[in-house]
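Below you'll find the structure, written out as structure tokens, and then a few comments.
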Amino acid sequence: MEVLTLDCGTGGTLPVFSHAEEAEIFLHLGQADDEWRVTEIRNGGLIYVLCGPYACVKEVALDPLPEMVAQRTVGLVTLARDRFMDHLANARWRSRSSGPDQARPS
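Structure, rendered in structure tokens:
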């Protein structure tokens, strides 16, 4: 699997988007090659990508805009790879441990 990474001077940045539409706009406005396609990957898939084939990625950019790449301001929306993976792992754990019988704060 090949994924788009950004060269932000930090050893590689993986752009991650909240919605498919945002990723499509990023590709279109950023004038990416036609070979790139948007694919939905859930938490486990992102962890696999960041631990496996793209373990060299140093940062994750959350919903970056193409202008941010051109202006070198992507750092405003990035997290360190390890911190992002901790967040994903904790989110997966919380979703599994909060079944219908679990008490939740009101």
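Read in order, the letters of the sequence shown are residues 1 to 106 in UniProt numbering.
Note that CB positions come from ideal geometry on N, CA and C, so glycine has one too.
Suppose only complete runs of 3+ residues qualify. What are the beta strand (DSSP E) ranges in the region 17–96, listed by chain order? 59–62, 78–80
Looking at W36: is its Cβ nearer than 8 Å to the Cβ of L4? yes
What does DSSP give as the partner residue(s) for T13 in the beta ladder? BP columns for T13 point to L6, E59.
Residue burial classification, T13 (beta-carbon count within 10 angstroms, cutoff 16): buried
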